[in-house]
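*Asks:*
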Amino acid sequence: VCDGSAVEDCAGECNGDAVLDDCGICDGDNSSCVGCTNQNADNYNQGAIIDDGSCCIELWEECYNINETVILNLRWSNLEGNIPSKIQYLSNLEQLFLLGNQLSGEIPEEIGNLTNLTYLEFSENNFSGEIPYSIGNLTQLVEFYAYNNQFSGELHSSIGNLVNLNILELQDNELSGSIPSSIGNLINLHKIFIHNNQFSNELPIEIYNLVNLEYFWIYNNDFSGNIDEQICNFYGIDSQYDTIKLGDNSF
C-alpha cells in the first residue's frame with residue numbers, strides 16, 4: 063500500500079508509470095490481442111480485439127487481403143475447380159479476371175455480393191449452369207465477359223439492372239430461350255456478342271432502344287420473326303466494318 067498521495071500502478075509500484083494496454087496486459091504493447099477480427103476471414107483470430115488489417119480470404123491456395131484487394135487478375139493461372147462462394151467477402155473488389163483457366167461448375171449466387179465490380183471476366187473456362195440471377199446486383203459493371211464456356215438456360219431479366227454496361231460478351235455457350243425485354247435498359251451498351259448460342263423466339267422490341275450499339279453479333283442462334291427497321295438507328299449500322307451480324311437464324 064502506497065503512503066500518502068502516492069498511487070500504485072498496475073505493477074504494484076507506488077507512483078510507477080506502468081498501465082494496462084488495450085488487451086488488459088500491464089505495461090503491455092497491445093500485441094497479445096492484435097490480429098484479424100473479421101469472422102468471415104480465413105485467418106480470423108478469436109482472441110483478437112484490435113484488428114491489424116491482415117484479414118484475408120483464401121482462394122486457390124493464396125490468401126487475399128479483404129481490405130486491400132481491389133483487382134484480382136488470375137488469367138491463365140491453371141486454376142481448377144469451382145469459384146468458392148467466400149469470394150463474396152472481398153468486398154472492395156472492383157475487377158475480377160479469370161480468363162483462360164480450367165474452372166468449372168456453376169457460378170455461385172454470392173458473386174452478386176461483390177457490388178463494387180466494374181469488370182468481370184469468366185471467359186474460356188468450363189463453367190456450366192445458368193448465369194446467376196444475382197449478376198443483376200452488380201450495377202457498377204462496365205464490361206462483362208463470359209464467352210466460351212458451357213453456360214446454359216435463359217438469360218435472366220436481372221441483366222437489365224446493369225445500366226452502366228458497355229460490353230456484353232456471352233458468345234460460344236449453350237444459352238437458350240428468349241432475350242429478356244429488360245435488355246432495353248442497357249442504353250450504354252456499345253457491344254453485344256451473343257452469337258453461337260441457342261437463343262430463340264423474336265427479339266424484344268426493347269432491344270432497339272440500344273442506339274449506341276457499335277457491334278451487334280447475334281448470328282448462329284434460333285431467333286425468328288422480323289428485324290424491325292429501328293435497327294437502322296444503331297450507331298454501327300453504317301460502319302465499313304462487319305458490325306451487325308444476324309445470319310444463321312430464322313428471321
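Counting with our numbering, you get residues 63 to 313 for the letters of the sequence shown. For each residue, glycine too, the CB sits at the ideal point set by N, CA and C.
Leaving out five residues on either side along the sequence, give the residues of the same chain with a beta carbon under 8 angstroms from the beta carbon of D65.
*Replies:* Stepping through the sequence shown from its first residue, residue 65 is reached at position 3. Result list for D65: C76, in chain order.
*Asks:* Using the Cβ count rule (16 or more neighbours within 10 Å means buried), how would you classify N211?
*Replies:* Within the sequence shown, residue 211 is the residue found at index 149, counting from 1. By the 10 Å Cβ count, N211 comes out buried.
*Asks:* What residues in its chain sit with their C-beta under 7 angstroms from that of I267, if we drop five residues either side in the sequence?
*Replies:* Position 205 of the sequence shown holds residue 267. So the list reads D290, once near-sequence residues are dropped.
*Asks:* Note the first and the last residue of the continuous beta strand (DSSP E) segment covering N127.
*Replies:* Taking the first residue of the sequence shown as 1, we reach residue 127 at position 65. Unbroken beta strand (DSSP E) run through N127: E124 to N127.
*Asks:* Report buried or exposed for W138, applying the criterion of at least 16 other Cβ atoms within 10 angstroms of its Cβ.
*Replies:* As a working mapping, residue 138 is identified with position 76 in the sequence shown. Classification of W138: exposed, given that the 10 Å Cβ count is below 16.
*Asks:* G222 bridges to which residues according to DSSP?
*Replies:* Along the sequence shown, read from residue 1 onward, the residue named residue 222 stands at position 160. Beta-bridge pairing links G222 to no other residue.
*Asks:* Tell me whether C95 sits in a helix, a strand or coil according to DSSP, three-state version.
*Replies:* In the sequence shown, the residue the question calls residue 95 occupies position 33. Three-state DSSP puts C95 in a helix.
*Asks:* First and last residue of the beta strand (DSSP E) that includes S166?
*Replies:* Against the sequence shown, residue 166 aligns to sequence position 104. Where S166 is concerned, the enclosing beta strand (DSSP E) stretches over Q164 to G167.
*Asks:* Could you check if Q101 is buried or exposed, using at least 16 other CB atoms within 10 Å of its CB as the buried criterion?
*Replies:* As a working note, residue 101 is residue 39 in the sequence shown. Q101 is exposed by the Cβ-count criterion.
*Asks:* So what does DSSP say about G198, is it helix, strand or coil?
*Replies:* Your numbering for residue 198 matches position 136 in the sequence shown. G198 falls in the helix class under three-state DSSP.
*Asks:* Counting along the chain, where does the beta strand (DSSP E) carrying Y207 start and finish?
*Replies:* Counted from its first residue, the sequence shown places residue 207 at position 145. First-last of the beta strand (DSSP E) with Y207: E205 to Y207.
*Asks:* Based on the DSSP secondary-structure assignment, which residues constitute the bridge partners of L212?
*Replies:* By one-based count along the sequence shown, residue 212 stands at place 150. The question names Leu, yet the displayed sequence has Gln at residue 212. Paired residues: S190.
*Asks:* Cβ atoms of L134 and L158: under 8 angstroms apart, would you say?
*Replies:* By 1-based counting over the sequence shown, the position of residue 158 is 96. By 1-based counting over the sequence shown, the position of residue 134 is 72. Result yes, Cβ atoms of L158 and L134 sit closer than 8 angstroms.
*Asks:* For G314, count neighbouring Cβ atoms within 10 angstroms of its own Cβ and tell me buried if that reaches 16, exposed if not.
*Replies:* Residue 314 lies beyond the range of the chain shown here (63 to 313); nothing can be said about it.
*Asks:* Skipping 5 residues on each side, what residues in its chain have a beta carbon closer than 8 angstroms to that of E236?
*Replies:* As a working note, residue 236 is residue 174 in the sequence shown. If we look at E236 and ignore the five residues flanking it on each side, its Cβ neighbours are Q212, F213, S214, N259 and Q260.
*Asks:* Could you check how far apart the C-beta atoms of G309 and Y277 are, in whole angstroms? I think they sit under 8 angstroms.
*Replies:* Here the question's residue 309 lines up with position 247 in the sequence shown. Here the question's residue 277 lines up with position 215 in the sequence shown. Actually they do not touch by this definition, with Cβ atoms about 15 angstroms apart.
*Asks:* Distance, Cα to Cα, E120 vs L161?
*Replies:* By one-based count along the sequence shown, residue 120 stands at place 58. By one-based count along the sequence shown, residue 161 stands at place 99. Approximately 19 angstroms between the Cα atoms of the pair.
*Asks:* On the CB-based measure, 16 or more other CB atoms within 10 Å of its CB, does N92 come out buried or exposed?
*Replies:* Your numbering for residue 92 matches position 30 in the sequence shown. Exposed is the call here.
*Asks:* Compare the C-beta of S214 with all C-beta atoms of chain C and state if any pair is closer than 8 angstroms.
*Replies:* In summary, chain C is missing from the structure at hand, where a single protein chain is found.
*Asks:* With a threshold of 16 other CB atoms inside 10 Å of the CB of V81, please say whether the residue is buried or exposed.
*Replies:* Taking the sequence shown and counting its residues from 1, the one referred to as residue 81 is at position 19. Label assigned to V81: exposed.
*Asks:* Tell me whether Y181 sits in a helix, a strand or coil according to DSSP, three-state version.
*Replies:* Numbered from its first residue, the sequence shown carries residue 181 at position 119. Here Y181 sits in strand by DSSP.
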